[in-house]
Structures are given as C-alpha cells and as structure tokens.
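Below you can see the structure in the form of structure tokens.
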C-alpha cells in the first residue's frame, strides 16, 4: 500500500518523522488516500453510494473528506489533514502537498467541472480555500488561510483574501 | 426524520448528490441536526449536562459542534461540516446554508446573548468566523474565511478580515 | 487529573459552562491535554512511535492534534478545539487560551526549533495560523483567521493576513 519512495517523500515533507512504522500508524493523510483508492475504484464502476459511504468512513477516521470522484496524482501528501475537503471534480497533479483545512471546492456557480485543477509540485497552506473550476499552476504556492478564486500562474506564490500574487518564480521556500 | 422537501433542498444545494439514500447515509450535516434535535429538546427541559453530552457525541460522529441551546430554523443545510461551531445563544433563520469551518461564536465581551443571529436564506462560506451578538441580514452572503464582527445588512455580500461589504442586492451567485 | 482551580479557569473562560461534570464529560480541549500528558511523558523517554500513536488516538477522539514533543505550560484551555494542530517544537506559556482551528506550525524553512513560542496569558482566536519559530509575547491577542509570520510584542493585538498590529497595551477584551 505504501511504496519505499513514498516513505522517503513523507520524511522529506515532515521533519518530525522518526521512522516508517510511525508513517503507517500515525499519518491520517496517508490513511485517507487508502480509503480514496477504494472509493475512487467503486466510483468509476458507477457504485456511487457505496463509494461515498467509504469516503465518509475515511472522513470519520481521518478528518479528511475526499469525494470519491476526485482524481489524485501520485505523491500527494496531506499533512495533519483535519478539515480537508476535496470536491467531486477536483484534479490533483504529481507530488502535491496540502496542509490541514484546505478546501478544493465549488462556488455554486458552475455545472459539470466545478472544482479546481491543481498542477504538479504545488504546495497549499493550512486553511486555504480554492473555489471554482480554476487552475493552480505547476510549482505554485498558496499561503495559509488564502481564498483563491482565480487561476494561479506556474511558479507563483499567492496570499490573502482574495489571493493575490506575491511573487513569481524561484524563491526560498515560502511561508505557508 | 427527513421530509421529502429536505431531500429536494439538499439536492438543490449540492450538485454531487446522486440519490436519497446517499443523503441519509453520507451527509454529516444532516446527522448533526438529528443530534441537535434531541439535545435541544433536553436543553429546554433544563437537562443541560445530558444535552451537552449528546451534542458532543454528535460532534464526535460529524465533526460539527452545535451547542444544544442554539435555536435553528427549518431548512438549515450544513455542507461538509467539519469544524463548524455554533454557540449557545446563536439563532439561525430559514433555509440557511453553512459550509465547513463556520463559527457562530462569541467575542468574550458579552453576557447573556453572546452569539450571532442569522437571517433567512443566508449563505456563509467555508472557514468564516461570525463573532458576537450581531445580525446577518436576510439573503446575505459571507465569503470564505471572512471574519464578521459587525451587522451585515439584508442582501449584502461581505468578504475579508474584517469583513467588508462587497455589494448589496441581487447579483449572480457569489463566490464562497 | 483536573485540579479545582482548573475547573474555575474553564468556567471563567466559557460562560456556557453549567457545572464541573460537564467540564469532565464534554470538553475535548480538556481531554486532549490528558492524552498529551501521557504522550509527552513517553516522548521524553524517547518512546517516539508509541507517543505519536497516543497523540493520534487523542486527535481521533478530540479533533485536536498535539505533537507529543510540544511543551505546554499550566492553565492552557483549548475551546471547542476541532482542527487545532500544535507542532513538535512548539512551546506554550501559562494560562493560554486557544480556540478551534489554531495552528502552531512550521514554514518548512527551519530546522531544529521550527514552531512558535507562545507567552503567558495569550489569547489566539479561531482559525489562526502561527507559523515558524517566532514568539507571541505575553498578554498578546491574535484575531480570528489571522496568519502570524513575525514576532508579536507583549500586549499587542494583531489581526489579518499577514497579521499586523492593531494596538498595543491594555484595551477592552479584543474581538476574537
């Protein structure tokens, strides 16, 4: 269920990790992805209700709510995770880092594709709400408690309510 | 426990719903209201401790904390719900929509009535904190992660920290 | 496990409390500290994995995640508590009040001491993120949903994203 490289990824993400057993036992963000694998498999077979029941069991144990329809790329790490909500039509690229309280949600204005698309290597800080069928570009960073309502360009760092660009391009690891 | 019209209301609120069974099984916001019905009944009989125990059991299963003293009108829908806190003297009107992470709380400055009064048809976005014995007017909307410390007029849309009026009156469905 | 004076402290903090039994049964913020006492004891004995397992069991029951390495002073009260995250190298002084959704976290830029130090008598509002090895001075107050990235002086009230000083010194109880 966890590949060797995923252990390495978690250790790189979280300096507090002591060993692999700790990751298996005590990372709700890892457990939530196990539930999502099962739920998403059933969702693609059109078993919608049982898929949602598994998603909600996952929410009960982890505090993380991932709709079984969401498409999640490899290397996603959800740190702490309590209060995360990921909507049905959200799409997440490779090696994304989400903190607790992040919402990839809808605005109520759209039909069909209603939730965000998140690029590769994106970092989204604690408490951030990303709303609507917008795109967060590759390598972008979103600061804590921001509310993102428009597309974010590749490599940009955005902060605030509504989120505005603070800088674009390579900088030191941003404050999340 | 759920009327036909409440099923319709949830389906209107959440485009991801597939059928009624899904609503009964997988909507923590619906389950939280069941716990609150029992807790509020006992609270009005002055059975305060047992009422609070039931409220906390509801919090454990749903992630939604509603004080048994809170007065809640018909048609409330709490979407996702993790982290919602509704205080003892809060009052909620008809057909209100709250997202996860919403607080209807106190500031520590007031006695007696310490929590907000929310009008009819109000929509409060994810992560919003409404603090103090203030009033959110009918048909008002509050944008995600806002902090509301003053009365909001009927029909207004407010955003930010502290929340300020973005516009008043009929507009397209606002971004939450 | 609870001293007489701690009952008094909770009653002073939360006007909704009716009696001591209610505090023992229905305050997740109190329960989380019991788990932390055990976890922190084991952590200091270098029993890191079991310490983290106990911390995560506490998170499951309370919605509050306190890393077993965190150093917590007497008189801490965590109100409501859902979504609170306290990091491994965080330090909290005496008689601190934290609301739900507060994060004492890291930015990813630091090694060793990575999390905040919070002074005595500090009040941190719901949804606040305090990030990095910064110091919140004694008697400071942080308004709801603020993101604190720099030191806060003694007695200051800070609000917003990023948090800025609203006033310093004795004022009426601030809006949280």
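Residue numbers (this note's numbering), protein chains in the order written: chain A, 1 to 176; chain B, 1 to 176; chain C, 1 to 176. From the three backbone atoms N, C-alpha and C, an ideal C-beta is built for every residue, glycine too.
Spatially closest choice to residue i from the options, by CA coordinates
| i | options | result |
| --- | --- | --- |
| residue 82 (chain B) | B:150, B:142 and B:31 | B:31 |
| residue 163 (chain A) | B:145, B:59, B:101 and B:87 | B:145 |
| residue 80 (chain A) | A:53, A:27, A:113 and A:94 | A:27 |
| residue 147 (chain C) | C:165, C:138 and C:154 | C:165 |
| residue 55 (chain A) | A:156, A:85 and A:99 | A:85 |
| residue 16 (chain C) | B:149, B:114 and B:157 | B:114 |
| residue 139 (chain A) | A:149, A:151 and A:157 | A:157 |
| residue 149 (chain C) | A:143, A:153 and A:149 | A:143 |
| residue 51 (chain A) | A:137, A:24 and A:88 | A:88 |
| residue 53 (chain C) | A:131, A:25 and A:90 | A:25 |
| residue 91 (chain B) | B:5, B:130 and B:21 | B:130 |
| residue 33 (chain A) | A:58, A:42, A:10 and A:11 | A:58 |
| residue 154 (chain A) | A:141, A:169 and A:137 | A:137 |
| residue 95 (chain A) | A:141, A:168 and A:60 | A:141 |
| residue 194 (chain A) | A:42, A:60 and A:10 | In this structure chain A extends from 1 to 176, so residue 194 (chain A) is not present and cannot be described. |
| residue 209 (chain A) | B:21, B:152, B:151 and B:5 | The structure shown does not extend to residue 209 (chain A), since chain A is modelled only from 1 to 176, so the question has no answer here. |
| residue 151 (chain C) | C:168, C:167, C:2 and C:116 | C:116 |
Assumed close pair residue i, residue j - CB separation to whole angstroms, cut-off 8 angstroms
| i | j | result |
| --- | --- | --- |
| residue 49 (chain B) | residue 121 (chain C) | Between residue 121 (chain C) and residue 49 (chain B) the Cβ distance is about 30 angstroms, and since that is not below 8 angstroms, they are no contact. |
| residue 161 (chain C) | residue 160 (chain A) | 5 angstroms |
| residue 132 (chain C) | residue 77 (chain C) | Residue 132 (chain C) to residue 77 (chain C), Cβ: 24 angstroms. No contact. |
| residue 44 (chain B) | residue 97 (chain B) | Not confirmed; about 26 angstroms, so no contact. |
| residue 128 (chain C) | residue 93 (chain C) | Not really, about 16 angstroms apart at Cβ, beyond 8 angstroms. |
| residue 23 (chain B) | residue 7 (chain B) | 6 angstroms |
Proximal residues of chain A, C-beta to C-beta of residue i below 7 angstroms
| i | result |
| --- | --- |
| residue 80 (chain B) | 65 and 85 |
Under 9 angstroms from the C-beta of residue i: neighbouring residues of chain B
| i | result |
| --- | --- |
| residue 88 (chain A) | 15 and 16 |
| residue 159 (chain C) | 147, 161 and 162 |
| residue 19 (chain C) | 48 and 49 |
| residue 103 (chain A) | 80, 99, 100, 101, 126, 127 and 144 |
Neighbouring residues, chain B, relative to residue i (Cβ below 7 angstroms)
| i | result |
| --- | --- |
| residue 45 (chain A) | Per Cβ cutoff of 7 angstroms: no residues; residue 45 (chain A) is ~14 angstroms from chain B at best. |
Contacts that residue i makes with chain C (C-beta to C-beta distance below 7 angstroms)
| i | result |
| --- | --- |
| residue 26 (chain A) | 52, 53 and 56 |
| residue 142 (chain B) | Those within 7 angstroms of residue 142 (chain B) in chain C number zero; the least Cβ separation is about 12 angstroms. |
9 angstroms Cβ cut-off: residues of chain C touching residue i
| i | result |
| --- | --- |
| residue 22 (chain A) | 48, 49, 52 and 53 |
Handout entry: Inter-stretch contact at 8 angstroms, needing at least 3 Cβ pairs: the stretch 62-82 of chain A / the stretch 36-47 of chain A
Key = yes
Practice task
At 3 residues or longer, and completely inside the stretch 122-164 of chain A: list those beta strand (DSSP E) runs for me, N to C.
Solution key: Counting whole runs of 3 or more residues, the stretch 122-164 of chain A contains the beta strand (DSSP E) stretches 129-131 and 156-159.
Problem - Cβ contact check for the stretch 106-125 of chain A and the stretch 52-65 of chain A: 3 or more pairs under 8 angstroms - result: no
Handout entry: Cβ contact (3+ pairs, closer than 8 angstroms) linking the stretch 114-128 of chain B and the stretch 98-105 of chain B
Key = yes
Handout entry: Within the stretch 42-79 of chain B, ranges of the beta strand (DSSP E) (whole runs, at least 3 residues)
Key = 77-79
Exercise for the section: Just list the beta strand (DSSP E) runs in the stretch 81-126 of chain C, keeping only unbroken ones of 3 residues or longer that don't cross its boundaries, in chain order. Expected result: 97-99 and 103-105
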